[in-house]
Ligand SMILES: NC(=O)c1ccc[n+]([C@@H]2O[C@H](COP(=O)([O-])OP(=O)(O)OC[C@H]3O[C@@H](n4cnc5c(N)ncnc54)[C@H](OP(=O)(O)O)[C@@H]3O)[C@@H](O)[C@H]2O)c1
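Numbering (my numbering), first residue to last: 5 to 350.
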């Protein structure tokens, strides 16, 4: 197995200022030691790139500890067990979880931040879906729509409407009988949101008059904000909330590149007081707190998929582990449609 006993891994060398670039992380080659009893070797097939990767690089008060300097970058992925000295991870099994930004993950409970999950085979769909529509991002969408108690007749606004979470959230909200307005970057995404994902309208936040477009698309105000972006977009939405509105605060990607050491960020929301005026509620949530609801969410989303009522998009970037850092940038400039993945190996 010469050659295959070498791992290539991205190690975090310094905390990025602004967007993460090569140099903040270094791609290193490392020998893979012989497996000890209780270890398995998982070969990464697909790496999930998530906005939260950028949060994990910053030394801020987050929901998980920052990735320590010089450690392998944390990341979710899916792979195949290629060697094993563990009964619960046989060779050939598919494993998912925190594989890290690397070609091989040594699955050893003492080394991993969380145990990998061995997926039951054969899978009822493509592996990639288990990092997207039927994985953590799909479940995030399902949970957020549920927490916001989206009901028939509500006007729901969803930012990053064509992204991994937003695209599923929009469709789940439609299933609950809501009128759903997306916000996305560029005419192509807006067209896709309406014609393929089934949004009732979509506002292009890159156009100069996006605020007027959003006002026109929500003539009766906004009952639910599924917030993925933060910043000026969230601020404008807050100014249009109806009495009793709910904000499911899922993410604030517009700020992540400014989470430098010390936790500085881009600034305030001038319409935050509307939460009082409109007796509205805002709830931050993390999908990792809803592990017990993953089966329910996946069953629901898988059911919709089977009935042809759910569409999901993926942007899968080839080029191996080498392209991980450059590909992360796609999330911040909106080059991805749907779930962003890197194909690390076949
Ligand atoms: N709470 C949780 O448990 C949880 C779990 C997963 C994800 N999240 C959050 O959910 C959000 C979406 O994540 P995702 O994985 O589905 O990513 P994604 O939506 O697939 O990709 C990010 C998208 O955000 C948009 N965007 C980036 N910067 C922006 C800016 N400054 N202003 C407006 N739009 C911007 C871009 O779309 P456009 O081209 O449309 O601009 C980009 O495609 C993120 O905030 C993420 O942190 C939260």
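Just so it is clear, CB atoms sit at the ideal spot from N, CA and C, and this is done for glycine as well.
Nearest to residue 219 (by Cα), restricted to the options 160, 75, 316 and 313: 160
In chain order, what residues of the same chain have a beta carbon less than 7 Å from the beta carbon of residue 5, not counting five sequence neighbours either side? Legend: pLDDT at residue 5 = 46, less than 50; position of this residue unreliable, value from coordinates given subsequently. Answer for residue 5: no residue qualifies.
Status (buried if at least 16 other CB within 10 Å, exposed otherwise) for residue 90: The residue in question, residue 90, is buried, as its Cβ has 16 or more Cβ neighbours within 10 Å.
Pairs of beta-carbons, one from the stretch 239-257 and one from the stretch 9-24, closer than 8 Å: are there three or more? no
Which value, in whole angstroms, describes the spacing of the CA atoms of residue 305 and residue 88? 33 Å
Name the DSSP beta bridge partners of residue 109, please? 46
Excluding the 5 residues preceding and the 5 following residue 140 in the sequence, name in chain order all residues of the same chain whose CB lies nearer than 6 Å to its CB. 291
Extract the residue ranges of the alpha helix (DSSP H) inside the stretch 5-32, only unbroken runs of 4 or more that lie entirely within it. Under the rule that a run must span 4 or more residues, no alpha helix (DSSP H) segment is found entirely inside the stretch 5-32.
Status (buried if at least 16 other CB within 10 Å, exposed otherwise) for residue 203: By the 10 Å Cβ count, residue 203 comes out buried.
Run the proximity test for residue 166: is its beta-carbon closer than 7 Å to any non-hydrogen atom belonging to ligand 1? yes
Nearest by alpha-carbon distance to residue 130: which of 65, 50, 109 and 111 is it? 50
Taking the C-alpha atoms as reference points, what is the distance between residue 324 and residue 10? Distance between the alpha carbons of residue 324 and residue 10 is about 15 Å.
Quick one: grab the DSSP three-state call for residue 230. strand
Throw me the rounded Cβ distance for the residue 186 and residue 197 pair, which I believe falls under 8 Å. 4 Å
DSSP state of residue 328, grouped into three classes? Of the three classes helix, strand and coil, the one that applies to residue 328 here is helix, per DSSP.
My parser needs the beta strand (DSSP E) runs of 3 or more residues fully inside the stretch 281-337; what are they? 285-288 and 318-321
Just checking residue 254 against ligand 1 - is the residue's beta carbon closer than 7 Å to any of the ligand's heavy atoms? Because some heavy atom of ligand 1 lies under 7 Å away, the Cβ of residue 254 counts as near it: yes.
For residue 208, which residues does DSSP report across the bridge? 188
How is the alpha helix (DSSP H) around residue 171 delimited, first residue to last? Judged by DSSP secondary structure, residue 171 falls within the alpha helix (DSSP H) whose first and last residues are 168-179.
Starting from residue 148, follow the beta strand (DSSP E) in both directions and report where the run begins and ends. Judged by DSSP secondary structure, residue 148 falls outside any beta strand (DSSP E) and instead within the alpha helix (DSSP H) spanning 140-151.
Using only the alpha-carbon positions, how far apart do residue 126 and residue 84 sit? Roughly 13 Å between the two C-alpha positions.
Straight-line CA distance for residue 192 to residue 339? 11 Å
Boundaries of the beta strand (DSSP E) in which residue 164 is found, first to last residue: Run containing residue 164: none; DSSP gives neither H nor E here.
Can you tell me the Cβ-Cβ gap for residue 321 and residue 347, rounded? I've got them flagged as a contact below 8 Å. 7 Å
Looking at C-alpha atoms only, which residue of 166, 53 and 73 is the closest neighbour of residue 28? Checked all of 166, 53 and 73; the closest Cα to residue 28 is 73.
Mapping the DSSP letters down to three states, classify residue 215 as helix, strand or coil. Note: residue 215 maps to helix in three-state DSSP.
Is the separation between the beta-carbon of residue 188 and that of residue 165 shorter than 8 Å? yes
Could you please give the first and the last residue of the uninterrupted beta strand (DSSP E) stretch that includes residue 249? 245-253
Quick check: the Cα distance between residue 206 and residue 82, rounded to an integer number of angstroms? 33 Å
Heavy atom of ligand 1 within 7 Å of residue 229 beta-carbon: Residue 229: no, Cβ never under 7 Å from ligand 1.
From the DSSP output, read off the bridge partner residues of residue 154. In DSSP, residue 154 forms no bridge with anything.
For residue 42, which residues from the same chain have a beta carbon less than 8 Å from its beta carbon, with the 5 sequence-adjacent residues on both sides left out? For residue 42, the CB contacts under 8 Å within the same chain, skipping 5 residues up- and downstream, are 89, 90, 112 and 113 in chain order.
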